[in-house]
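Take a look at the structure below.
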Amino acid sequence: MNADYEKQLEAGISRELKRLPELAAPDSLVTRVMSALDRRSRFPWYRRSWLTWPPALRWACFTVLLALFAGFCAAGSAMAHSRTILFAIRRMEEPLSGLATIGNTLEALAGSGVLVLKKFGAVFLISCSVALALGCSLCLGAGAIYLRLAFAKHEKAL
Amino acid sequence: MTNVQQFEAFMRRYQNMVFSTAMRLLANQTEAEDVTQEVFLKAYQYFDRICASPTAAGWLKTVATNLSLNHLTRYRSRWSFFSELPLSGRDESRELEFPADEKNVEEEMDKAERCALVERALQALPAPQRVPLVLFHFDELSYDEIAEKLGVSLGKVKTDIFRGREALRRKLRLKLGSEAP
Chain A
0 MNADYEKQLE
10 AGISRELKRL
20 PELAAPDSLV
30 TRVMSALDRR
40 SRFPWYRRSW
50 LTWPPALRWA
60 CFTVLLALFA
70 GFCAAGSAMA
80 HSRTILFAIR
90 RMEEPLSGLA
100 TIGNTLEALA
110 GSGVLVLKKF
120 GAVFLISCSV
130 ALALGCSLCL
140 GAGAIYLRLA
150 FAKHEKAL
Chain B
0 MTNVQQFEAF
10 MRRYQNMVFS
20 TAMRLLANQT
30 EAEDVTQEVF
40 LKAYQYFDRI
50 CASPTAAGWL
60 KTVATNLSLN
70 HLTRYRSRWS
80 FFSELPLSGR
90 DESRELEFPA
100 DEKNVEEEMD
110 KAERCALVER
120 ALQALPAPQR
130 VPLVLFHFDE
140 LSYDEIAEKL
150 GVSLGKVKTD
160 IFRGREALRR
170 KLRLKLGSEA
180 P
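Now the structure itself:
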């Protein structure tokens, strides 16, 4: 499509759209908004948006949250250096040692995979990757075509 | 004049602009009304600051645009691989009815009818074409800004806008300079 045509099209559509007046909002809109505001104003302060709380309460809330955050930080730091916690961590390590066996098995499996790849070479690896990518693309493409066909709309010839 | 009365007057002044913004992006009366209500409820929270501000209209328009786009992405299909599909439950592919004769429609209609026709044609466009088109022509955003706002590629924005314009041209039977008889 040439650039000249696109410019003419843009100008033509812009001219049409710029001529449009604003749409009239329904008459009931003001009533709807005012009654929603009225409903909200009847809520107790704690059910309203934080921004509309009385300033004193907002500051109090902010201070409490800040204190809580500082408390959690201090508690976390203290716990990290506590003997009891360190002892508990060591106790937990024992039952988790079984996981090391699983790790070793996985490592052996990965090693055997690497050996197989070395035997067949890089060409085999690349071919597998390409086949996998092609398979995925094929599924995606076929899915898109089926969906487009299923929802295809009839365009009237103008 | 109380704060509530002031707000009511403020709303009456801007409600058409906010509603138009939402309606053109959403192409659905009920959803546009909901978004407009949400915009004004938000405006009420900041009313002390925006009531006398010269940028109030711009603020309202931006909030209306953002809320409409949020609404589209939250409640409707995202722009995606299947963006050309009509959305289920909505007859977005409906065609407009035109007089049977081949004369240029523009000559036969008075301004109000023409505007109504353009408005209907715009709202009949599928969302992936209508939304960038509205952002470009009404909000005067650049292609880059639209791509960023919608989270899609620049190429897709350009293609969708071109398709939208082409669809409008066909529906409105616009004659461009190079096509003049």
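Protein chains in written order, with numbering that gives the first Met the number 0: chain A, 0 to 157; chain B, 0 to 180. Heads up, the beta-carbon is just placed ideally off N, CA and C, and yes, glycines get one too. Here the structure is a predicted model, which means the values were calculated and not measured.
With 16 or more other Cβ atoms inside 10 Å of its own Cβ, residue 126/B counts as buried.
Judged by DSSP secondary structure, residue 131/B falls within the alpha helix (DSSP H) whose first and last residues are 126-136.
Using a Cβ-Cβ cut-off of 8 Å, residue 43/A is close to nothing in chain B; its nearest Cβ partner there is about 17 Å away. In the three-state scheme derived from DSSP, where H, G and I count as helix and E and B as strand, residue 54/B is classed as coil.
Listed along chain A are 15, 16, 18 and 19, each with a C-beta nearer than 9 Å to that of residue 117/B. Our two residues, residue 32/B and residue 70/B, have alpha carbons roughly 12 Å apart in a direct line.
DSSP places residue 49/A within a helical segment (H, G or I) once states are collapsed to three.
Within chain B, the C-beta atoms nearer than 7 Å to that of residue 25/A come from 32, in chain order. In the structure shown, residue 150/A adopts coil according to DSSP, grouped into three states. Within a 10 Å sphere around the beta-carbon of residue 128/B sit 16 or more other beta-carbons, which makes this residue buried. Using a CB distance cut-off of 8 Å, residue 5/B does not count as an interface residue toward chain A. Cα atoms of residue 118/B and residue 133/A: separation of roughly 45 Å, rounded to the nearest angstrom.
By the CB criterion at 8 Å, residue 63/A and residue 10/B fall outside the cutoff. Interface flag for residue 12/A against chain B is set, since a Cβ pair is found closer than 8 Å.
Inter-residue distance for residue 47/B and residue 41/B is about 12 Å (C-alpha atoms, whole angstroms). The beta carbon of residue 74/B sits no closer than 8 Å to any beta carbon of chain A. Remark: C-beta atoms of residue 148/B and residue 66/B do not approach each other more closely than 8 Å. For the region 35-63 of chain B, residues whose beta-carbon sits nearer than 7 Å to a beta-carbon of chain A comprise 35, 36, 39, 40, 43 and 44.
Taking 8 Å as the cut-off, the Cβ atoms of residue 122/B and residue 26/B count as close.
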